[in-house]
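K.L.:
One structure is given below, represented as structure tokens, and several questions about it will come after.
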Amino acid sequence: MKQTWSILCGRAVVDKETNLLSLIDLIEQIHISLDGKPEDASVVIIPIQIVLASLWERDEKEPPAMLRLRVTGIAPENKVFFESDQEADLLNHKRFRCLFQVKQLPFMGSGKYEFATDVFDTEANEWQRVSSNAVEVVENPPAKKKASKKLAKKK
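Quick note on numbering: the sequence shown equals residues 644 to 798 in the numbering used here.
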């Protein structure tokens, strides 16, 4: 069993008639502005739609099997912020498309936010890392406040 591809995007749409997948708004970097953020806030929740789309397939020679997948979201300094498991049905299908969705991102500082994909190895009885997709999250500098102009009256 192998992962053919994986990508981060804002939306994934599956056409009901053709089963074609459209990946919309591919994500490489996210810029955020935190004007008005409390000074003592170490984590700020950012509402955002992120989809990790991937395609898995088994080789003709491999026996059909169920595959256990896990995606882990890892913020800078290796802080885990998301974890989700899913089973991939490669018993009845040669290929399986996975769509993991994240609806908010806990901002813990600028840096690389990784979405790591693991497969459960039943023989070794442990998770094995198979891929990682990352997005760079950058905090924009605070907006400069416009200075008020005082008009001086001429006498």
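No residue lacks a Cβ here, since even glycine has one placed at the ideal position from N, Cα and C.
#1: Take R654 and list the residues in its own chain whose beta-carbon comes closer than 7 Å to its own, dropping the five residues that flank it on each side.
#2: If you measure between the beta carbons of L664 and V657, is that distance less than 8 Å?
#3: Please report the distance separating the alpha-carbon of V805 from that of W648.
#4: Among the candidates P749, K755, E720 and A696, whose CA atom is the shortest distance from the CA of F739?
#5: Keeping to the same chain, check which residues put their C-beta closer than 7 Å to that of V778; ignore five residues upstream and five downstream.
#6: Start and end of the beta strand (DSSP E) containing T715?
#7: Of the choices S676, E700, L710 and K659, whose alpha-carbon is the least far from that of E766?
#8: Measuring CA to CA, which of N735, F724 and L742 is closest to P749?
#9: For T760, which option in V687, S753 and L698 has the closest C-alpha, if you only look at C-alpha atoms?
#10: Based on the DSSP secondary-structure assignment, which residues constitute the bridge partners of T760?
#11: Taking the straight line between their C-alpha atoms, what separation do you get for V745 and D678?
P.N.:
Judging by the given coordinates:
#1: Your numbering for residue 654 matches position 11 in the sequence shown. Counting only Cβ-Cβ distances below 7 Å, and skipping sequence neighbours, we find I667, D668, Q692 and V694.
#2: Taking the first residue of the sequence shown as position 1, residue 664 is located at position 21. Taking the first residue of the sequence shown as position 1, residue 657 is located at position 14. Closer than 8 Å, so yes.
#3: Past the edges of the chain, shown from 644 to 798, lies residue 805, and the structure says nothing about it.
#4: By 1-based counting over the sequence shown, the position of residue 739 is 96. The candidate whose alpha carbon is nearest that of F739 is A696.
#5: Taking the first residue of the sequence shown as position 1, residue 778 is located at position 135. For V778, where only same-chain residues beyond five positions count, the Cβ hits under 7 Å are L651, I670, E671, Q672, I673 and Y756.
#6: Taking the first residue of the sequence shown as position 1, residue 715 is located at position 72. From DSSP, the beta strand (DSSP E) with T715 extends over A708 to A718.
#7: Here residue 766 is taken as the residue at index 123 of the sequence shown, counted from 1. Selected option, being the one with the closest Cα: L710.
#8: The residue given as residue 749 occupies position 106 in the sequence shown. The candidate whose alpha carbon is nearest that of P749 is F724.
#9: Counting from 1 along the sequence shown, the entry for residue 760 is found at position 117. Ranking V687, S753 and L698 by Cα distance to T760 puts L698 first.
#10: Here residue 760 refers to the residue found at position 117 when the sequence shown is read from its first residue. According to DSSP, which records beta bridges pairwise, T760 is partnered with V714 and S774.
#11: As a position in the sequence shown, residue 745 is number 102, starting the count at 1. As a position in the sequence shown, residue 678 is number 35, starting the count at 1. Using only the alpha carbons, I get a separation of about 23 Å.
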